[in-house]
Every structure is written in structure tokens, then in C-alpha cells.
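Trainee: Quick one: structure below, then a few questions.
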Amino acid sequence: MKEYAPIKCPVCGEMYDWKYVGSDKQGFSAGKAAVGAVAFGPLGLAAGALGKKKSTYYCGKCGFSRSYDVR
């Protein structure tokens with residue numbers, strides 16, 4: 001299940017200091033690639049290499065930081 005970034009800090013509720021600080025891409029998933037290869041052949045193997053993009057947010061008030069799925 002995808003979890004998207006809330007508009008305010010989930011810990012303290014701050015909206016104005018809840019900032020986007022960057023994004024990254026999680027790498028290759030061997031487990032997903034193996035299942036994809038069995039189910040769909042080489043195309044499924046390639047799908048395992050796609051990865052997921054995440055955005056990181058930080059709260060300047062309480063210091064909470066977390067990465068969320070990109071919409």
C-alpha cells in the first residue's frame with residue numbers, strides 16, 4: 001500500500017515547518033524481479049529493476065523525518 005506525504009507533520013501537527021527536503025530512488029528488488037521473471041519472463045525481470053521513487057520530508061519544529069511515496 002502506498003503512503004503519500006501528509007500536508008502537516010504527523011507527530012506534532014505543524015504545517016509551516018513541514019518541509020520537502022529531497023527525493024531518492026530505491027534500487028533493484030531481487031524478490032520482485034524473481035517473481036516477475038517466473039510470471040512474465042524477461043519482461044517481469046526488467047520490471048524488478050525499476051524501483052520506487054520516494055520523497056523525504058522533515059519537520060523543523062519537532063525534528064521528525066520520513067520518506068513517502070511520490071504520487
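Each step along the sequence shown adds one to the number in full-length UniProt numbering, with nothing skipped, and position 8 is 8. For each residue, glycine too, the CB sits at the ideal point set by N, CA and C.
Can the beta-carbon of D17 be found closer than 7 angstroms to that of K61?
Mentor: The answer is yes: Cβ separation under 7 angstroms.
Trainee: Locate the beta strand (DSSP E) running through K54, then write down its first and last residues.
Mentor: Segment K52 to C59, the beta strand (DSSP E) holding K54.
Trainee: Count the other CB atoms within 10 Å of the CB of C12; is the residue buried (16 or more) or exposed (fewer)?
Mentor: C12 comes out exposed.
Trainee: The beta strand (DSSP E) spanning Y68 covers which residue range?
Mentor: S65 to D69 is the span of the beta strand (DSSP E), which, as asked, contains Y68.
Trainee: Are the Cβ atoms of D69 and E3 separated by less than 7 angstroms?
Mentor: Yes, the pair counts as a contact, with Cβ atoms nearer than the cut-off.
Trainee: By DSSP, does V11 sit in helix, in strand, or in coil?
Mentor: V11: coil per DSSP, three-state reduction.
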